[in-house]
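Protein chains: 4
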Amino acid sequence: MLSRLARVQPKCQQFVSFSTSKSAAAAPTVKLWIDGQAVESKTTDFVELTNPATNEVIGLVPNATQAEMQAAVDSAKNAFNTWKNTSPLTRQQCMFKLQALIKRDMKKLAESITIEQGKTLPDAEGDVNRGLQVVEHACSVPSLLMGETLPNVSRDMDTHSYRVPLGVTAGICPFNFPAMIPLWMFPVALATGNTMVIKPSEQDPGAAQLLVELAKEAGVPDGCVNIIHGQHSAVNFICDNPDIKAISFVGGDAAGKHIYERGAKNGKRVQSNMGAKNHGVIMADANKEQTLNQLTAAAFGAAGQRCMALTTAVLVGEARAWLPELVEKAKNLKVNAGWKPDTDIGPLISKQSKARVLRLIESARKEGANIALDGSNITVPGFENGNFVGPTILAGVKPNMTCYK
Amino acid sequence: MLSRLARVQPKCQQFVSFSTSKSAAAAPTVKLWIDGQAVESKTTDFVELTNPATNEVIGLVPNATQAEMQAAVDSAKNAFNTWKNTSPLTRQQCMFKLQALIKRDMKKLAESITIEQGKTLPDAEGDVNRGLQVVEHACSVPSLLMGETLPNVSRDMDTHSYRVPLGVTAGICPFNFPAMIPLWMFPVALATGNTMVIKPSEQDPGAAQLLVELAKEAGVPDGCVNIIHGQHSAVNFICDNPDIKAISFVGGDAAGKHIYERGAKNGKRVQSNMGAKNHGVIMADANKEQTLNQLTAAAFGAAGQRCMALTTAVLVGEARAWLPELVEKAKNLKVNAGWKPDTDIGPLISKQSKARVLRLIESARKEGANIALDGSNITVPGFENGNFVGPTILAGVKPNMTCYK
Amino acid sequence: MLSRLARVQPKCQQFVSFSTSKSAAAAPTVKLWIDGQAVESKTTDFVELTNPATNEVIGLVPNATQAEMQAAVDSAKNAFNTWKNTSPLTRQQCMFKLQALIKRDMKKLAESITIEQGKTLPDAEGDVNRGLQVVEHACSVPSLLMGETLPNVSRDMDTHSYRVPLGVTAGICPFNFPAMIPLWMFPVALATGNTMVIKPSEQDPGAAQLLVELAKEAGVPDGCVNIIHGQHSAVNFICDNPDIKAISFVGGDAAGKHIYERGAKNGKRVQSNMGAKNHGVIMADANKEQTLNQLTAAAFGAAGQRCMALTTAVLVGEARAWLPELVEKAKNLKVNAGWKPDTDIGPLISKQSKARVLRLIESARKEGANIALDGSNITVPGFENGNFVGPTILAGVKPNMTCYK
Amino acid sequence: MLSRLARVQPKCQQFVSFSTSKSAAAAPTVKLWIDGQAVESKTTDFVELTNPATNEVIGLVPNATQAEMQAAVDSAKNAFNTWKNTSPLTRQQCMFKLQALIKRDMKKLAESITIEQGKTLPDAEGDVNRGLQVVEHACSVPSLLMGETLPNVSRDMDTHSYRVPLGVTAGICPFNFPAMIPLWMFPVALATGNTMVIKPSEQDPGAAQLLVELAKEAGVPDGCVNIIHGQHSAVNFICDNPDIKAISFVGGDAAGKHIYERGAKNGKRVQSNMGAKNHGVIMADANKEQTLNQLTAAAFGAAGQRCMALTTAVLVGEARAWLPELVEKAKNLKVNAGWKPDTDIGPLISKQSKARVLRLIESARKEGANIALDGSNITVPGFENGNFVGPTILAGVKPNMTCYK
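So the sequence lines, in the order shown, correspond to chains P, V, B and C. Numbered as in full-length UniProt numbering, the first sequence ends at 405 without a single skipped number. Numbered as in full-length UniProt numbering, the second sequence ends at 405 without a single skipped number. Numbered as in full-length UniProt numbering, the third sequence ends at 405 without a single skipped number. Numbered as in full-length UniProt numbering, the fourth sequence ends at 405 without a single skipped number.
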């Protein structure tokens, strides 16, 4: 076990270059990626990047200046002039190389995710793998891009249709899947002949940075994919910039609605993938052991921060009697830093997140729910400052309680 | 009831023009359909067309001469030169009209089938309807015919693909679905720009004749679809004729294998849809009432002459106890001429068919099967000469018995 | 000629029921279409519907009340509950019937368009025909709606995708193609299982009304398609109503941008097809006769009110010398009421439209363009009050002139 | 130059293991590939494998015994039981690896082709590359394998279609593209879940052997692809074996027709891609320099042994005057062993091939053609025994001459 930890940590230090000092001043700045180069922002406005297991500051994420964001768009616009005319087969070759490079650097990517986002290393590999499948799908681009023909539709008239790229596109990413979501976005944009500006979450931008470097290594020309960092003003820049033709967003509801409205107001195509609150209905004729195991994984995996996380289970009929066993299983889940071996549940992304969860548990208690399992006061030895909440099960929840809404 | 019979029979006489005389000499000849015209064959070699419920001879089907069959192919070849260049939208308009005309003449088509093939009028309408769906599908031909484009696959090279017609095609049809099978064949051939020569079954060629007349009324130019009549020599003519580029066959195994081999030997594309022997497995947790009803319909519908007829039911576990109820349901099925109201089971297609079934029942008895219900000696009042066999259920059948094979 | 006019006009009276009196008070009201019934609006706020060739008031179009518009949406929402569960094959049957009915009523539809919109009868039939092709395309819906399968994508996991309807949709239509645009919208919505509320142009709502009546005759259940009338407040109602899931718009730029923004703000999917200004480049090696004929048709057909009208021709090199011949051809175009035989150019849609065109010609003159042909002062005998402008050709136009912009 | 030769030859020796001795007895035997292993045939019947540039015997190709061929089919049949149930995504991963391995071993593959088939090294890389594109296409298999869904087609009936593998398939390959054709066949068979038995040409089996070894390295399980060697009896074995469900053939007309007929007779699906005789029509308004260069490449590339080789050029009008320049260009083509630098034209595949070409040139002379350029008597220093024929241009050819047919 020790050897694995030893192996992991030095590597992590290599690529996220985080300081072990607790002084934010000493933390390295995260770079922008413009025109195929890492660029130091000239802003003085930074957001702290923390390791959620320790709350150490491991980096400083710049709120990029308007000029820097415009430079990223200009680079993407300029690259589009050439990239749109490359053969789909050339772009396919880049995707073949990119998928191989992601496989090569799987561990490095996973470690970056664990350090910045908190999830366990196996979960982090899953994060990369679910995105990798989209890169592999983008390898089908010559088949997927085919248009249609129909000769002789009327006198002297044949029809031919083509699928053509739009131009500069933009991606706005959430914190919960720092590799998967960028990989849903830029490989498809590139394969179809578009170029892109990505804004990763300021809470875990490291994986996106590693991925665009791999794109460069895979032969994607400079400028085809760029990274800007920032918060609200970066989002609004993307919504308003006239050279950006389409926006892909994954994240929370409030941001999603804002981006859909503001992007549309500026004539853009906006794809806004917002939140979900999944319910599982458990019938008494289900296989109990299998069901409880899957329920445990779906509810507590990635600390419940997946957009498809199963937050609500409705036990029907005799299945209601399974609650004690479910509690027992949940109790056995191991809470620890994500890079520790055998960890089941890592920390939440931030102190704010943890505080919000604790408030919800407290409100549930006050509103009369039965706290079947309470993870509020957990302490993880060696990581006393981390954003940990243990597995928590609330029973007797009513739809009008704060914790349900 | 009487009124319905009165209504049906005169109509039938109108369109199949059958003689009520028992003298075959007086029966009308069935015509060829060449270049958009009904053509009297010059052959002296005819096959008798009988009404299976009465065994009266209602027509004489010619074995067309080589010259007549060649004339049909020449007509199709000549028509192809123009038809292949029509717009897919023009061909679509013909299909719109054809589907409307088939709906208009539904009863006329069904009556032709009942008189020549024996099945009940509702079954005959089903026969037409299942073919009509293919005509309706052929109305999608502009979408279905689209080829593909991919520009810029390499320097100065774009690709465009088109779906182009082959030329003259041929269809060889079985007796059991005299409307459905021709409708699987010629509408798709026509819609895709091909032309066709059809050989209906000599046992019930009337529906095919009515259908090609409707195609003409729908605006399909003369020569695009032709009908030849005959038996083995007509089949071989089709397999060998160098102007026929593709063959579609539906029917029995021996003929299908022969056509596949002989057509392929002549470099043709052959689609050979041969026989099936469906088994149904009945589990004890099935809904009994619904299962037995469906089983009865699937086994005895169309006198068991559907290629997908469910000839073998395997009752599992407690479902074995359902046999007496199945027998009871089968006993209640009404055996009569297909055009009689409330008929469940019409006659078999021919005396030979009936004799074969009786032999199989007899062999089952000798080999030790339990004849749970025996339809061998049924007599249908008013139709004592018809090819009727009542519903028959054999239990305790082993795979090595003649009746199973 | 007289006989044709005689034939046309009484028919027109029958279906648009317009009064020959010049008193607007006597003009009939146009009805809403809610839940399969023509409904008299309770509003007191009406817009005059005029015949552009005479400027007679032939109807009064209501600005529907909020309650009436809500009733239309409620009807569509209620109908959706059943319609979404119909078989695609059932919906296909409705489309088969609808296309046949439109063909049956072609002349009636064209006459409605000519009376209300002004275009010639052949142009009006073209208007219907271009929409009819979409109904014919909607007959392919079983093929077009197919989802995808891929079994065994991972352990114990198969994927099946389905295309499912959204719910209530809305269509907002322009004046220039009063049949084609509604036919682009509601047949596709219906065939795919959605229901629809249509707002035709208040300047020519008659064709849409005839078409939804045909949909009812074709078997589309009441409530599946509804018509509301109105102007800005109807547009905003559609953009804001929470039960409307998607909007299809065809029309001018200002309205289109407004609808795209306001619909998106309310979370809807918006398809906004806005204006175009087509340029034709004429090279000297073109076939002169054919080119000039096509140019004349493209520029002056439908009085230049098509969205794809060719308003600007760039004559290159020696082709510049063709201008006099182009003028000569344009001079020969016959300007008259759309229902008069041999008319080439009918009136513009409204007095406002005519005034705007006259202002542009005047501005061109002032800004130095060469008025090669001036249709400003045309008088059409018998139709002195109509919105006629003769064919006009401006040469020497610069991009900065008002008439170009 | 010398250094390149030195570099090439030792490598070639490594992988084709050819003897420099002229004694056939000393030549190594080529192995079968059964169940993932190289297998020494027990036959005593061998065909000599020669280097076409030297006519040295470099290997002995076995005519595999019936038992060996059956073992290959048994292995493929057995492997199919597992392979058909693998996920399409698993099979896609094999294709990703296979395409990378082919790129890695490009030079090794090309050298094998040059030594055995004679074509130049750049042509040999082209041979591999044209096949590699099919492997890359096979990486799209999850998209390409998708079936279709349509729910609710009638009461209680949904439809789902799946694309399922057939079973054991077979590929029969020609000598002219020893890498491309096997790569057209087995990667697609494998990606779609089938297994395969390949019979390469006995004249150049080395590339196929290298490719199936790469498939194994790429993770394709043993038995999924097998190689048998042989001539007529191997072809007939494939046509007749009941476990082989489909045959893909590329090659000459006589063999192709035989296989189509014999395979079909045995109920198999046969894809038979036979010969072509391409004509190029050269118009006088073509760009002369570009046309003559392309003509030279298309006619003489790969020594004219491509199935799409442009063997006949029809010079129209003034283009007829270009013949002397075409001759001049052809004269400058360098004839030499394929692995020599700057070679334009390598040897023909065999002595028989060379003799046939010389006979045709002689017949052309006798029948009155104008031998504008005669490559009959070429001698290549150092390769006096090779199957070389220089570029030859016949003018004044009539369709009835032997050399045209």
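Note that the Cβ used here is the ideal one computed from N, Cα and C, for glycine as well.
Candidates the options, of which the one nearest residue i by Cα
| i | options | result |
| --- | --- | --- |
| Pro122 (chain C) | C:Leu315, C:Lys108, C:Lys331, C:Val134 | C:Lys108 |
| Thr50 (chain C) | C:Ile102, C:Ile349, C:Gly275, C:Gly382 | C:Ile349 |
| Gly193 (chain B) | B:Leu358, B:Ala79, B:Asn385, B:Gln352 | B:Ala79 |
| Gln352 (chain C) | C:Val380, C:Phe388, C:Val235, C:Lys366 | C:Phe388 |
| Gln37 (chain P) | P:Pro174, P:Tyr260, P:Gly375, P:Cys224 | P:Cys224 |
| Leu60 (chain V) | V:Leu360, V:Glu202, V:Val164 | V:Glu202 |
Beta-carbon proximity check, residue i vs residue j, cutoff 8 Å
| i | j | result |
| --- | --- | --- |
| Asp314 (chain B) | Val335 (chain B) | Asp is not the amino acid found at residue 314 (chain B); the sequence shown has Val there. No. Outside cutoff. |
| Pro187 (chain C) | Leu98 (chain C) | yes |
| Gly301 (chain V) | Met274 (chain V) | no |
| Ala170 (chain V) | Ile244 (chain V) | yes |
| Pro182 (chain B) | Ala208 (chain B) | yes |
| Cys403 (chain C) | Ser140 (chain P) | no |
| Tyr260 (chain P) | Ala264 (chain B) | yes |
| Asp204 (chain V) | Ile345 (chain V) | no |
Identified DSSP bridge partners for residue i
| i | result |
| --- | --- |
| Trp33 (chain B) | B:Ala38, B:Ile227 |
| Gly147 (chain P) | V:Thr149 |
| Phe249 (chain P) | P:Ile172, P:Ser272 |
| Ser154 (chain B) | B:Met157 |
| Val47 (chain P) | P:Val61 |
| Gly317 (chain B) | In the DSSP output, where bridge partners are listed per residue, Gly317 (chain B) has none listed. |
| Lys103 (chain C) | Beta-bridge pairing links Lys103 (chain C) to no other residue. |
| Thr195 (chain B) | B:Val168 |
| Ile244 (chain V) | V:Val168 |
| Val335 (chain C) | C:Ile345 |
Simplified DSSP state of residue i, which is helix, strand or coil
| i | result |
| --- | --- |
| Thr54 (chain V) | coil |
| residue 407 (chain P) | The requested residue 407 (chain P) is not part of the displayed model; chain P covers only 1 to 405. |
| Ile349 (chain C) | coil |
| Lys119 (chain P) | coil |
| Val281 (chain V) | strand |
| Thr401 (chain V) | The residue you asked about is not Thr; residue 401 (chain V) is Met in the sequence shown. DSSP places Met401 (chain V) in coil when its eight states are reduced to three. |
| Asn293 (chain V) | helix |
| Asn370 (chain V) | strand |
| Ile393 (chain B) | strand |
| Lys84 (chain P) | coil |
| Ala24 (chain C) | The pLDDT assigned to Ala24 (chain C) is 48, lower than 50, so where the model puts this residue is not dependable; a value taken from the coordinates is nonetheless given after this. It is helical. |
| Val164 (chain B) | coil |
| Thr379 (chain B) | coil |
key: Positions along the stretch 225 to 257 of chain C whose CB lies within less than 8 Å of some CB in chain V   = Lys257
key: Interface residues of the stretch 137 to 152 of chain P facing chain C [CB-CB below 9 Å]   = His137, Cys139, Ser140, Val141, Pro142, Ser143, Leu144
query = Which residues, in chain order, does the stretch 92 to 124 of chain V contribute to contact with chain B at a C-beta distance below 7 Å?
reply = Gln92, Phe96, Gln99, Ala100
key: Residues in the stretch 267 to 290 of chain V having any Cβ partner in chain C nearer than 8 Å   = Gly267, Val270
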